[in-house]
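Protein chains: 2
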Amino acid sequence: MSTVTPSEKLSVNRIEPAYKQVAAQIKKLIVDGTLLPGEQLPVEEKLGASFGVSRNTVREALRLLSADNLVRTTRGVSGGTFVAVPSTEVLQGSIETSLQLLSGSNSINVDELFETRTILEVPCARSAALNRTEEDLARMRASADRVEHGVNALDRADHSQDFHQAVLDAAGNRLLSMMAPPIWRVFRKTTLAAGGKSEAWADIDADHLLILEHIEAQRPEEAAEAMRMHLVRLHENRL
Amino acid sequence: MSTVTPSEKLSVNRIEPAYKQVAAQIKKLIVDGTLLPGEQLPVEEKLGASFGVSRNTVREALRLLSADNLVRTTRGVSGGTFVAVPSTEVLQGSIETSLQLLSGSNSINVDELFETRTILEVPCARSAALNRTEEDLARMRASADRVEHGVNALDRADHSQDFHQAVLDAAGNRLLSMMAPPIWRVFRKTTLAAGGKSEAWADIDADHLLILEHIEAQRPEEAAEAMRMHLVRLHENRL
DNA sequence: CTGTATTTGTCCGTATGTATA
DNA sequence: ATATACATACGGACAAATACA
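Respectively, the protein sequence lines represent chains A and B. The working numbering applies: residue 1 is where the first sequence begins, and numbers increase by one. The working numbering applies: residue 240 is where the second sequence begins, and numbers increase by one.
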């Protein structure tokens, strides 16, 4: 008679390390809203006593949470572990890391990155034409100008991203504003070594000005189309 | 004469805890591709010796990486720490957690979630009409049917998500396929308590069939428009 | 400005789990 | 089946940093 492991016979869960259980419980409290942003957690020794584990185990659990930026830790007498305030940078960072990994393992390719970028940014250009404020326009003008007068390709590329971010922000959808940048950055990392063709920069400057013009004049469809053409150019030039 | 802290006078970096530095270095090796997925890292003691820190510090660093699912750890003689293979589930999980937090802190609202969903899914319906395989169609038919015959609202909502996932997958952009589900899930969590109006299900079933019909007949614009109308209905009914 | 209390950071030792001889 | 070797998991003690009296 062959022996069977419990998992084959019964529907039981594999036992989890203590630090994972502790992390899961604290995470639940944070996501549920029981622990509010900014609130201080009990000190490590106290937490250990509550969970019935050592301080060390608590610390490993806290490291799990801090990697997700759910908590922030400072040392010293007035230090401690606090529930982190959610930030867009955190989300962008985790998306970027994951995308880079998926890109490296060929789970996604550059064409998919670019198509996604287009799908996100073209509607934003349309919305931006409707919702843009004077402040938005000033930001776009400034960054478009900085692209035009950038000292080198890297500098210009940076300011070009600023321009695109300004368009996204003008559209007024904060979720879209934060989803696009990780895609740019991963795309840029994977194609930076290849080196973009610099002769395209004059066309890119013209594109930016055209997009800006349509957004300023509140012509949504024209702005969307200009953005679409611009992104095609960027794709062709691997920028 | 007033004293100034170094950070005010010089551009220096605040010193980081050892475990963060260790984590950052290992992470760099993984993202760079120096350490390949599936590869085994040196044992904790060896790592500690390499970095000049104790095993415990190494462990906390590994916890930081495991939270991002960059490494996977098992114990026992054949165990150890291995570079994890990137998975879409991981990315979706981290996006979902961040979105939920941002949603809870009003950094994004449900209208933005829904607009983003529309922007992602309407182009996917268009692409799906062009790229769909027989297998894709079978998935859509099956899930549309399960929505229609679902025993309760929760069950129907589950199958409805399956239908939408099938459309996304048929479009062929793996990045879009993985970005949409976290948005649904967060949206659903925030509006579940409110309770959807169940009298809309008949219309939803009809929508699904119409979308399916256009995709099957390879009519991209009609499919996109049907999807857009369908999402408007979902939004109106808070589903 | 110096001492002191409090909190996290780090190290070492031991326990426990796991596969294999 | 049992022992053994080797990996991570856990626990306790000390060190360092920080704010405040």
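Idealized CB from N, CA, C, for every residue including glycine. Quick caveat: nothing in here was measured; it's all calculated off a predicted structure.
So, under 8 angstroms CB-CB, residue i and residue j are touching, yes? Tell me the CB distance rounded to an integer number of Å.
{"i": "Ala128(A)", "j": "Ala206(A)", "result": "Wrong, their Cβ atoms sit about 19 angstroms apart, outside the cutoff."}
{"i": "Gln40(A)", "j": "Gly80(A)", "result": "5 angstroms"}
{"i": "Val386(B)", "j": "Ser399(B)", "result": "5 angstroms"}
{"i": "Glu121(A)", "j": "Met227(A)", "result": "6 angstroms"}
{"i": "Gln339(B)", "j": "Val425(B)", "result": "5 angstroms"}
{"i": "Glu351(B)", "j": "Arg174(A)", "result": "6 angstroms"}
{"i": "Pro86(A)", "j": "Ser337(B)", "result": "7 angstroms"}
{"i": "Val333(B)", "j": "Asp68(A)", "result": "Reading the sequence as shown, one finds Ser at residue 333(B) and not Val. Sure, about 7 angstroms apart at Cβ, within 8 angstroms."}
Mapping the DSSP letters down to three states, classify residue i as helix, strand or coil.
{"i": "Val83(A)", "result": "strand"}
{"i": "Arg219(A)", "result": "coil"}
{"i": "Val310(B)", "result": "strand"}
{"i": "Leu231(A)", "result": "helix"}
{"i": "Ala465(B)", "result": "helix"}
{"i": "Glu16(A)", "result": "coil"}
Residues in the same chain with beta-carbon distance under 7 angstroms from residue i, minus the five sequence neighbours each way, listed in chain order, please.
{"i": "Val232(A)", "result": "none"}
{"i": "Asp155(A)", "result": "none"}
{"i": "His447(B)", "result": "Ala383, Val386, Phe402"}
{"i": "Ala180(A)", "result": "Arg117, Leu120, Glu121, Leu168"}
{"i": "Lys266(B)", "result": "Leu304, Leu309"}
{"i": "His230(A)", "result": "Asp207, Ile211"}
{"i": "Leu268(B)", "result": "Leu274"}
{"i": "Thr429(B)", "result": "Ser342, Val349"}
Please list, in chain order, the chain B residues whose beta carbon lies closer than 9 angstroms to that of residue i.
{"i": "Pro37(A)", "result": "Leu340, Gly343, Ser344"}
{"i": "Val151(A)", "result": "Going along chain B, no residue has its Cβ under 9 angstroms from Val151(A), so there is no contact; the nearest lies around 21 angstroms."}
{"i": "Leu176(A)", "result": "Glu351, Glu354, Thr355, Ile358"}
Anything in chain B within Cβ reach of residue i, meaning under 8 angstroms, just list it in chain order.
{"i": "Pro240(A)", "result": "With chain A covering 1 to 239 only, the question about residue 240(A) has no answer from this structure."}
{"i": "Val90(A)", "result": "Ser337"}
{"i": "Asn56(A)", "result": "Asn295"}
{"i": "Arg59(A)", "result": "Glu299"}
Run through chain A and tell me which residues come within less than 9 angstroms of residue i, C-beta to C-beta.
{"i": "Ser333(B)", "result": "Asp68, Leu91, Ser94, Ile95, Thr97, Ser98"}
{"i": "Met379(B)", "result": "Going along chain A, no residue has its Cβ under 9 angstroms from Met379(B), so there is no contact; the nearest lies around 20 angstroms."}
{"i": "Leu303(B)", "result": "Arg63, Leu64, Ser66, Ala67"}
Just the chain B side, please: which residues come within less than 7 angstroms of residue i by C-beta, in chain order?
{"i": "Arg72(A)", "result": "Correct list: empty, because the minimum Cβ distance to chain B is about 12 angstroms."}
{"i": "Leu120(A)", "result": "Ile358"}
Applying a beta-carbon distance threshold of less than 8 angstroms, which residues of chain A neighbour residue i?
{"i": "Val270(B)", "result": "Thr97, Gln100, Leu101, Gly104"}
{"i": "Met418(B)", "result": "Thr116, Met179"}
Looking only at its own chain, which residues have a Cβ that is under 6 angstroms from the Cβ of residue i, when we skip the five neighbours before and after it?
{"i": "Asp169(A)", "result": "Ser177"}
{"i": "Arg72(A)", "result": "Phe82, Ala84"}
{"i": "Leu286(B)", "result": "Val297"}
{"i": "Ile454(B)", "result": "Ala367, Ala368, Arg371, Ala462"}
{"i": "Ala410(B)", "result": "Cys363, Ser366, Ala367"}
{"i": "Met1(A)", "result": "For Met1(A), the pLDDT reaches just 37, beneath the cut-off of 50, and the residue's location in the model is therefore unreliable, although a value from the coordinates is still provided. Correct list: empty, nothing qualifies."}
{"i": "Tyr19(A)", "result": "Thr57, Glu60, Ala61"}
With a CB to CB cut of under 8 angstroms and the five nearest residues on each side skipped, what residues in its chain are close to residue i?
{"i": "Asp442(B)", "result": "Arg472"}
{"i": "Ser289(B)", "result": "Pro281"}
{"i": "Leu102(A)", "result": "Ile108"}
{"i": "Val4(A)", "result": "The predicted model places Val4(A) with a pLDDT of 39, which falls under 50 and marks its position as unreliable, so this point remains unresolved."}
{"i": "Glu460(B)", "result": "Arg365"}
In chain A, which residues lie with their C-beta within 7 angstroms of the C-beta of residue i?
{"i": "Asn412(B)", "result": "Glu112, Glu115, Thr116"}
{"i": "Pro362(B)", "result": "Ile119"}
Confirm the yes/no value for this check: CB of residue i, any heavy atom of the ligand MG, distance under 8 angstroms.
{"i": "Leu449(B)", "result": "This structure does not include the ligand MG; it has no bound ligands of any sort."}
Within the chosen definition, does the stretch 49-60 of chain A reach the stretch 293-308 of chain B through at least 3 CB pairs nearer than 8 angstroms?
yes
The stretch 132-148 of chain A / the stretch 338-347 of chain B touching (three or more Cβ pairs under 8 angstroms):
no
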